[in-house]
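Below is one structure; the comments refer to it alone.
There are 2 protein chains.
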Amino acid sequence: MVIEKKQCIELINSHEEFLILSHEHPDGDTLGCAFALCEILRSMGKKRAFLCADEISADFSYMTDGFENDEVKDPFIVAVDVADARLLGSIAADYADRVDLGIDHHASNTLFAKDTYVEDRAAACEIIFELAKDMGYKSNEYFRNCIYTGISTDTGCFRYQNTSALTFRIAAELMEQGIDSKTINKLMFETKTKSFLELERLSRETLEYHFGDRCAIITITQDMYEKSGADEHQVYPITALPRQIEGVVVGAVMKEKPDGSYSISVRTDGDIDASEVCARLGGGGHKGAAGCHPECGCDEAKELLLASIKKSLDGLVK
Amino acid sequence: MVIEKKQCIELINSHEEFLILSHEHPDGDTLGCAFALCEILRSMGKKRAFLCADEISADFSYMTDGFENDEVKDPFIVAVDVADARLLGSIAADYADRVDLGIDHHASNTLFAKDTYVEDRAAACEIIFELAKDMGYKSNEYFRNCIYTGISTDTGCFRYQNTSALTFRIAAELMEQGIDSKTINKLMFETKTKSFLELERLSRETLEYHFGDRCAIITITQDMYEKSGADEHQVYPITALPRQIEGVVVGAVMKEKPDGSYSISVRTDGDIDASEVCARLGGGGHKGAAGCHPECGCDEAKELLLASIKKSLDGLVK
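Chains as they are written, first to last, in the numbering used here: chain A, 149 to 466; chain B, 149 to 466.
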């Protein structure tokens, strides 16, 4: 059931033991929500534990250091920033049907939890921040750092179009009350690992242009992961690159999977619908960013991709 | 003379013809200030002209398109975001002694204008925004886009440490009233030219590590400018790269000048003082970013640089 903020607060107030779940491959927003919520609960004298299918990157140690799960027996289970039970990853089998409360910012939330409080905001951390205020929680810097992490990472540090006036207002409040934005920005936006740099360098050598330079494609092979020491979780910043090139309206990154097939990330510039390009290859997504996995080798996948892009480009001209 | 906001407003109110000066190699903040101020003046029925030593990048055409200088005879001359008369560039000879009013955010302003209104803020556009409010100016989207351009570019889109709660509050107001952040962010932060990409690729091949990987150096040669089609004004984003590498505390970019000498940009991570590193080579700057131009060839310049960095690193260990 979809619930309002007031009911969400009542649910939190009326329970004493909590298990907070983040989505798999946890990012700054799901972790920021989870640890900020844990901090609210701690301050209320409630017991709380955290669970996530995957390991947390050491970059987030300023949130996780010193955090220890309380022992919880029959906890009230809350999923934060989880749009679909499948995104719980390997713990979905155990928890998908047992989530009591979902707190999320994805309009596409599948409402898999018993109750879901969802608002279409730039980051789920914006929602946690406002919940906390309405609950009368008096924040400390740790809490504010968690919230800032979620907001800054989900907005590309206030650069993406999801950034709203409310996002800026919350950032102003956090900044006024004190956050360690220096450390967080450095970790989230300024630091590049050597393995990432090498993967980027190798992949950049494959950059190719099509359709009068309106389309750019980068290919990443398993061999490059091996040579660079990077893995596919580090590819994300590269997926944006082809579309950032002057004049390019469709950018794609083709990523070889261990079985030799290629998954494809497509980014576009508004006029071309990326989800349409990917839908023709069995995938989907949003207008500006979508993906597909045509389950074939590089040459065939690229041929399919180019044919689909051509269709969309032709549609544009008409 | 240093003046307050009220006097600054009085000076603007009491004149009818204005010449607005930007600093050489104009960036988003000096241009944002200039065109925002011109728009305020236009709305007041005053005449205004703009002058800058160097050409304005086409990226800023959303500010300059349709702008035409009024004819001004004996204008009141205002320099915006100009910390030192020398930064007027090639027009300094004609104007350095004739500036009536400086509006600036550099605490280091040399007070070369007859009157200077200076506040230590993230961007000079923050000051223009607040001036406009106090003047009772009713903003339009063009004005707000100018202000947003200055604020977002001078803060690296809200990522640098100069970003304050006030910066976020102004951004929130701009966003609420309406700005084209999509277009501006795309132009300022998302678009890479092919020539830049090629320069970046070529320069990345020169990346070398020193002192147990705590120092990283990239070298850019004249040959690379020629091969890539980029010029030295496009180097800026590359200067940040070496220090962004995990574990690196001092990053440097050595840039060959047409005469074969090398100018050096040094970026550090707080603990090492970049201005100290550069001062030993006759340069200067800030703690986190500084520069020098030792006027010698690559090998010698690098030797001098490494010796200076070693001294600072040794000082760190003690």
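Every residue, glycine too, gets a C-beta built ideally from N, C-alpha and C. Every value quoted in this text rests on a predicted model; they were computed, and no experiment measured them.
Alpha carbon to alpha carbon, how far is residue j from residue i? Give it in angstroms, no decimals.
i, j, result
"Thr258 (chain B)", "Thr212 (chain A)", "47 Å"
"Gly463 (chain B)", "Pro442 (chain B)", "22 Å"
"Thr341 (chain A)", "Phe198 (chain B)", "45 Å"
"Arg352 (chain A)", "Ile457 (chain A)", "21 Å"
"Ile276 (chain A)", "Cys181 (chain A)", "6 Å"
"Asp202 (chain B)", "Lys281 (chain A)", "50 Å"
"Lys375 (chain A)", "Leu345 (chain A)", "12 Å"
"Leu454 (chain A)", "Asp232 (chain A)", "31 Å"
"Tyr243 (chain B)", "Glu338 (chain A)", "40 Å"
"Gly432 (chain A)", "Lys154 (chain A)", "35 Å"
"Thr416 (chain B)", "Gln392 (chain B)", "9 Å"
"Gly436 (chain A)", "Leu452 (chain B)", "48 Å"
"Arg362 (chain A)", "Gly399 (chain A)", "8 Å"
"Ala184 (chain B)", "Val228 (chain A)", "42 Å"
"Phe306 (chain B)", "Glu321 (chain B)", "15 Å"
"Gly326 (chain A)", "Gln370 (chain B)", "45 Å"
"Arg269 (chain A)", "Thr387 (chain A)", "24 Å"
"Leu461 (chain B)", "Gly408 (chain A)", "46 Å"
"His171 (chain A)", "Tyr265 (chain A)", "16 Å"
"Ile368 (chain B)", "Ala438 (chain B)", "17 Å"
"Asn333 (chain A)", "Asp207 (chain A)", "11 Å"
"Cys294 (chain B)", "Phe260 (chain B)", "25 Å"
"Lys286 (chain A)", "Ile157 (chain A)", "15 Å"
"Arg292 (chain A)", "Arg292 (chain B)", "29 Å"
"Ile318 (chain A)", "Pro174 (chain A)", "23 Å"
"Leu189 (chain B)", "Val230 (chain B)", "20 Å"
"Asp302 (chain A)", "Cys426 (chain B)", "37 Å"
Take residue i as the anchor and find which of the options has the nearest alpha-carbon.
i, options, result
"Leu355 (chain A)", "A:Ala364, A:Asp252 and A:Glu404", "A:Ala364"
"Ser300 (chain A)", "A:Lys330, A:Ser343 and A:Ala197", "A:Lys330"
"Lys450 (chain B)", "B:Ala438, B:Gly436, B:Ser411 and B:Glu348", "B:Ser411"
"Ile151 (chain B)", "B:Lys405, B:Lys262, B:Arg362 and B:Val396", "B:Lys262"
"Asp379 (chain B)", "B:Pro406, B:Gln155 and B:Asn333", "B:Pro406"
"Val383 (chain A)", "A:Ile251, A:Phe208 and A:Ser413", "A:Ser413"
"Leu169 (chain B)", "B:Glu219, B:Val220, B:Ile188 and B:Gly250", "B:Gly250"
"Leu314 (chain A)", "A:Asn333, A:Arg292 and A:Ala271", "A:Ala271"
"Glu289 (chain B)", "B:Met323, B:Phe316 and B:Asp302", "B:Met323"
"Ala241 (chain A)", "A:Cys426, A:Cys200 and A:Ile318", "A:Cys200"
"Thr178 (chain B)", "B:Leu167, B:Asp252, B:Met372 and B:Phe166", "B:Asp252"
"Ile366 (chain A)", "A:Ser312, A:Gly377 and A:Arg349", "A:Arg349"
"Met149 (chain B)", "B:Val247, B:Gly304 and B:Cys440", "B:Val247"
"Glu219 (chain B)", "B:Gly237, B:Glu278, B:Ile239 and B:Leu167", "B:Leu167"
"Arg428 (chain A)", "A:Leu347, A:Cys440, A:Gly418 and A:Glu187", "A:Cys440"
"Met192 (chain B)", "B:Ser209, B:Gly237, B:Glu278 and B:Gly284", "B:Gly284"
"Asp328 (chain A)", "A:Cys186, A:Tyr210, A:Ile239 and A:Ser238", "A:Tyr210"
If you count every other CB in all the chains shown that lies within 10 Å of the CB of residue i, and 16 or more means buried, which is it?
i, result
"Lys194 (chain A)", "buried"
"Arg297 (chain B)", "Rather than Arg, the amino acid found at residue 297 (chain B) in this sequence is Thr. Classification of Thr297 (chain B): buried, given that the 10 Å Cβ count is 16 or more."
"Val401 (chain B)", "buried"
"Pro390 (chain B)", "buried"
"Glu274 (chain A)", "buried"
"His381 (chain B)", "exposed"
"Glu394 (chain B)", "exposed"
"Lys403 (chain B)", "buried"
"Asn217 (chain B)", "exposed"
"Arg234 (chain B)", "exposed"
"Ala255 (chain B)", "exposed"
"Asp447 (chain B)", "exposed"
"Asp421 (chain A)", "buried"
"Met336 (chain A)", "buried"
"Glu424 (chain A)", "buried"
"Gly360 (chain B)", "exposed"
Can you determine whether any heavy atom of the ligand COA sits closer than 7 Å to the C-beta of residue i, and answer yes or no?
i, result
"Cys181 (chain B)", "As for the ligand COA, it is missing from this structure, which has no ligand bound."
Nearest chain D C-beta to residue i closer than 8 Å, yes or no?
i, result
"Arg246 (chain A)", "Absent here is chain D; the protein component of the structure consists of chains A and B."
Quiz prompt | At least 3 beta-carbon pairs within less than 8 Å: the stretch 222 to 241 of chain B vs the stretch 159 to 169 of chain B | solution = yes
Quiz item: For the stretch 286 to 308 of chain A, which residues have a CB atom closer than 7 Å to at least one CB atom of chain B, in sequence order?
Solution: Cys305, Phe306 and Arg307
Quiz item: When you check each C-beta in the stretch 330 to 345 of chain A against every C-beta of chain B, which residues fall closer than 7 Å?
Solution: Lys330, Asn333, Phe337, Glu338, Thr339, Lys340, Thr341, Lys342 and Leu345
Self-check item: Contact set between the stretch 390 to 401 of chain A and chain B, restricted to residues whose Cβ is under 7 Å from the partner
Solution: Gln392, Ile393 and Glu394
Practice problem: Residues of the stretch 248 to 276 of chain A with a CB closer than 9 Å to any CB of chain B: list them in chain order, please. | Solution: none
Quiz item: Between the stretch 405 to 429 of chain B and chain A, which residues of the former have a C-beta closer than 7 Å to a C-beta of the latter?
Solution: none
Quiz item: Closer than 9 Å, Cβ to any Cβ of chain A: which residues of the stretch 194 to 213 of chain B, in chain order?
Solution: none
Self-check item: the stretch 355 to 389 of chain B: positions lying closer than 7 Å to chain A by Cβ
Solution: none
Exercise. Please name the residues in the stretch 434 to 450 of chain A whose beta-carbon is closer than 9 Å to at least one beta-carbon of chain B, in chain order.
Key: none
Quiz item: Using a Cβ cut-off of 9 Å, which residues of the stretch 224 to 235 of chain B contact any Cβ in chain A, in chain order?
Solution: none
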